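In what follows, a single structure is set out as structure tokens and then discussed.
Here it is in structure tokens:
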């Protein structure tokens, strides 16, 4: 039988403590989405979005260092994979642009999209480009950090 190395964090901390950490980090995106899309809170939604992003980054780091008592660590990629990652990213970009060019005009109502983007200030090309860069280079990495490492 093959031996599997299992992290003993759950055994050491207890299931309720681990569940608390999961709940604390999982609630942040929900709060952000509800504030932005359900309540359509405009500038408040942007502020809540920023606060929840800091929370999503800070809570796992705090948990790792203070609750679990583990040391700071850094594990840069050593086995490559950058070319494959870049190629997959370009491939997905081409697929999204292609889908929009083929179906975008018929499936996306411009007025509805404008009504969704206007309250959070994403109606100018420069603001939208900044938001896209944030989502691609910051938010996606943050999600990987939380969902692959913390959860």
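Numbering (the numbering used here), first residue to last: 68 to 218. Ideal placement from N, C-alpha and C gives every residue a C-beta, glycine not left out. Quick caveat: nothing in here was measured; it's all calculated off a predicted structure.
ask   = Roughly how far, in whole angstroms, is the beta-carbon of residue 122 from the beta-carbon of residue 93, given that I think they are within contact range, below 8 Å?
value = The residue you call residue 122 lines up with position 55 of the chain shown. The residue you call residue 93 lines up with position 26 of the chain shown. Wrong, their Cβ atoms sit about 11 Å apart, outside the cutoff.
ask   = Helix, strand or coil: which one does DSSP assign to residue 191?
value = Along the chain shown, read from residue 1 onward, the residue named residue 191 stands at position 124. Of the three classes helix, strand and coil, the one that applies to residue 191 here is coil, per DSSP.
Run of the alpha helix (DSSP H) containing residue 100, from where it starts to where it stops = For this step, residue 100 is matched to residue 33 along the chain shown. Its alpha helix (DSSP H) spans residues 82 to 100.
request  = Check the C-beta distance from residue 85 over to residue 99 and give it rounded, since I have them as a contact under 8 Å.
outcome  = Here residue 85 refers to the residue found at position 18 of the chain shown. Here residue 99 refers to the residue found at position 32 of the chain shown. Contact doesn't hold; Cβ gap of about 23 Å is too wide.
ask   = For the candidate residues 107, 89 and 186, whose alpha-carbon lies nearest to that of residue 214?
value = Residue 214 sits at position 147 when you count from the first residue of the chain shown. Of the listed residues, the one whose Cα sits closest to residue 214 is 89.
inquiry  = To test your reading of the DSSP string, which unbroken alpha helix (DSSP H) runs of 4 or more residues are found completely within the segment 108 to 158?
reply    = Counting whole runs of 4 or more residues, the segment 108 to 158 contains the alpha helix (DSSP H) stretches 110 to 129.
request  = Report yes if the CB atom of residue 31 is closer than 9 Å to the CB atom of residue 120, and no otherwise.
outcome  = Any question about residue 31 goes unanswered here, given that the chain covers just 68 to 218.
query = Going straight from the alpha carbon of residue 196 to that of residue 132, what length do you get?
reply = In the chain shown, residue 196 corresponds to position 129, counting from 1. In the chain shown, residue 132 corresponds to position 65, counting from 1. Their backbone Cα atoms lie some 35 Å apart in a straight line.
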